[in-house]
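First up is the structure itself, then whatever we jot down about it.
There are 2 protein chains.
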Amino acid sequence: MALNILMVEDDDSVAEMMGMFFKKEGWQLQVARDGVEAVDVFKKHVGEYDLVTLDLNLPKKDGIQVAKEIRELSPKVPLIMLTARDSESDQVLGLGIGADDYVTKPFSPIALIARIKALHRRVEMAHDTAQATPHSDYDLTTSHLKISKSRREVVIDGQSITNLTPKEFDLLYTMAQKPKQVFSREKLLELVWGYEYYGEDRTVDAHIKKLRQKLEQKGPQVIQTVWGIGYKFDDTQG
Amino acid sequence: MALNILMVEDDDSVAEMMGMFFKKEGWQLQVARDGVEAVDVFKKHVGEYDLVTLDLNLPKKDGIQVAKEIRELSPKVPLIMLTARDSESDQVLGLGIGADDYVTKPFSPIALIARIKALHRRVEMAHDTAQATPHSDYDLTTSHLKISKSRREVVIDGQSITNLTPKEFDLLYTMAQKPKQVFSREKLLELVWGYEYYGEDRTVDAHIKKLRQKLEQKGPQVIQTVWGIGYKFDDTQG
DNA sequence: TAAAATTTTATCGATTTTATAAAAATCATC
DNA sequence: GATGATTTTTATAAAATCGATAAAATTTTA
């Protein structure tokens, strides 16, 4: 993941700090210091940025206006808004600018990086599935089950399951994407709950249990325990 | 996760409070009250701390200088800077010396603990290749067998073995990485069980026996006893 | 060949890990 | 805000593994 990021930020210290963290990740950073510069730079390199972060309070032209103009140039580029207060975040959402995420200041560099990775992963996945399943309702098919992300529905041996909770669905989908691969509880926490979540390993167990309950009413055992390591999805046996 | 943490903090009330919270987590806390003490303590116990938290504003020697000196002694030790909310220029300087995260004061104990856990997990994961996404299904192939670390699976003469315990798998993988090389029991204890483990040689024998049982049901003898020395992996004969 | 040393095998309690259920906390919706 | 659904935590039971020991088998050596 070698990202090219445009950061619109008037506070040099913030930009500089993020530059150092991005460098560690191997990412390129371009900084624009006010709204007018932001639009100019984006226009000149349209299509080149993988992601834009945008401060709401900017000199010369405010963040909302900049967001709108960027959206006109590139309707799909991932956009993260940086806002000073929660009330502003609500504003951003209310305005329907089409920001993909927002982060309130002050934020930790790690947190912003986590958000960028998560957002980028979402975008990549949407891209993949769009290519992979243009003719099918389902995003993923294995021996015994079919999964539709848009409908949040799982079909196991022809029987539909629509009552999975969000966590249950995400857990199943994450593991089913790589059948037979063993996922540690820590890895599942990172992939399903997100980098910024800090919970107990046992939480995963609890969700696995409920997921198994719902799935195994209607089909074979598809989630196996790998003792001392974690869990895996495999519906090719039994 | 039993961490040993060095907290460099001149405010006793902060240190004391964190001490209580860390205790709940089962973590060890060492406190240094000024910059000079910090470097002294770190130097004396170099390599022993899993993580250092460092206040930027310290008596005697400032946090930036302390960070630099700690970095020279241990380039990789996770380092979290604690900074006053409005001194962002300090943040930048602090981060220039390779801090891994920073937390702005005042912070809640829970938040700092969360950051510590996240950072520690990140460091652990960087070490841990077992959970990484593989390029191929198998990490290692020899005459009779293929080994997949991510699946914790061994295929011997085309037949899959998925019921190896963690120790059994690690033992096989360790030896199979260098076929024909003889490993003493001590060496295997070190490589598989770890440096800190002080156990009996016979333990290795017991695990070798169980491993052979599982493997030799489905294929040829792949682990040979080297009398008076130890064991080796070799599946080129038989 | 007999004795000594080493390896293999079998067994078992202690420890670690996982499953399950239920309580507590959080979140979302009206 | 109250209510119900979801998520998380906690407690305990159940299962599997680990590590030590000792006995049996094998190999070495005297």
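Chains as they are written, first to last, in my numbering: chain A, 1 to 238; chain B, 1001 to 1238.
Glycine included, every Cβ here is placed at the ideal spot set by N, Cα and C.
All values reported here derive from a predicted model rather than from experimental measurement.
In its chain, beyond the 5 residues on either side, 1231 have a beta carbon closer than 7 Å to the beta carbon of residue 1225 of chain B. Pairing residue 108 of chain A with residue 1050 of chain B gives a Cβ-Cβ distance that is not under 8 Å.
Shown here for residue 65 of chain A: same chain residues with a beta carbon closer than 7 Å to its own, the five before and five after excluded, namely 35 in chain order. Look at residue 101 of chain A here: in three-state DSSP terms it is strand. A distance of 8 Å or more separates the beta carbons of residue 210 of chain A and residue 153 of chain A. Residue 55 of chain A: not part of any alpha helix (DSSP H); member of the beta strand (DSSP E) spanning 51 to 55, first to last residue. Taken through DSSP and simplified to helix, strand or coil, residue 1230 of chain B comes out as strand. Less than 8 Å divides the Cβ of residue 1009 of chain B from the Cβ of residue 1031 of chain B.
When DSSP states are grouped into helix, strand and coil, residue 46 of chain A belongs to the coil group. Contact between residue 1018 of chain B and residue 1112 of chain B holds, with the beta-carbon distance rounding to 7 Å and staying under 8 Å.
When the five nearest sequence neighbours on each side are left out, the beta carbons in the same chain lying within less than 7 Å of the beta carbon of residue 22 of chain A are those of 5, 29, in order along the chain. Residue 215 of chain A has its alpha-carbon roughly 46 Å from the corresponding atom of residue 1180 of chain B.
When beta bridges are read from the DSSP output, residue 1030 of chain B appears opposite B:1006. Comparing alpha carbon positions, the residue from B:1176, B:1039, B:1207, B:1116 closest to residue 1059 of chain B is B:1039.
Straight across, the Cα-Cα distance linking residue 83 of chain A with residue 12 of chain A is about 16 Å. In the displayed model, residue 216 of chain A falls within a helix according to three-state DSSP. Taken through DSSP and simplified to helix, strand or coil, residue 159 of chain A comes out as strand. Residues of chain A whose Cβ lies closer than 7 Å to the Cβ of residue 1214 of chain B do not exist, since the nearest Cβ in that chain is about 14 Å away.
When secondary structure is reduced to three states using DSSP, residue 154 of chain A falls in the strand class.
Per the coordinates, the alpha-carbon of residue 1041 of chain B lies some 23 Å from the alpha-carbon of residue 1103 of chain B.
By the neighbour-count criterion, in which 16 or more other beta carbons inside 10 Å mark a residue as buried, residue 1077 of chain B falls on the buried side.
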